[in-house]
Amino acid sequence: MAQCLADLDGLFLALADPTRRAVIHRLGHGPASVGELAREATMTLPSFMKHVRVLETNGLIHTAKSGRVRTCTLNRERFTVVEDWLARQRRLWEERTDRLEQFVTDSTHSMEKRTS
Numbered sequence: 001m002a003q004c005l006a007d008l009d010g011l012f013l014a015l016a017d018p019t020r021r022a023v024i025h026r027l028g029h030g031p032a033s034v035g036e037l038a039r040e041a042t043m044t045l046p047s048f049m050k051h052v053r054v055l056e057t058n059g060l061i062h063t064a065k066s067g068r069v070r071t072c073t074l075n076r077e078r079f080t081v082v083e084d085w086l087a088r089q090r091r092l093w094e095e096r097t098d099r100l101e102q103f104v105t106d107s108t109h110s111m112e113k114r115t116s
């Protein structure tokens, strides 16, 4: 459980930065070289590479080097960790709001009976 939470923390940390989200968005359209991705960012290549490393360390992208070109590919399966967590949270909150709605409805009906 602790490892799962650490994985989730790393994923959210990686997704928290707008530059990294832009890389994820771009890679959603297909693989791209680090050079292509870096041209779209407004920073130096060494700074951009830190973002690539965060994404790769957290398993959101894979990189492969061929000659002098490093190509990045999106790891779509890794997003299931986030999707599963969000689905659990959604169910939890839907159950809570359903209970709140039932409580309010029951309370309203009880008050109406007392006043009539």
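Position 69 of the sequence shown, counted from 1, bears residue number 69 in the UniProt record's numbering, the numbering being contiguous throughout.
Glycine included, every Cβ here is placed at the ideal spot set by N, Cα and C.
Query, Result
"Just tell me which of Cys-72, Asp-106 and Arg-91 has its CA closest to the CA of His-62.", "Cys-72"
"Check Ala-64 in the structure and name its three-state DSSP category.", "strand"
"Would you give the residue range spanned by the alpha helix (DSSP H) that Arg-20 belongs to?", "18-27"
"Going along the chain, which unbroken runs of the beta strand (DSSP E) with 3 or more residues stay wholly within the segment 35-95?", "61-66 and 69-74"
"State yes or no: is the C-beta of Trp-85 nearer than 8 Å to some heavy atom of the ligand COA?", "As presented, the structure is devoid of all ligands, the ligand COA included, so that no description of it is given."
"What does DSSP give as the partner residue(s) for Ala-32 in the beta ladder?", "Cys-72"
"Beta-carbon within less than 6 Å of Arg-90's beta-carbon, same chain only, minus the 5 sequence neighbours each way: which residues are those?", "none"
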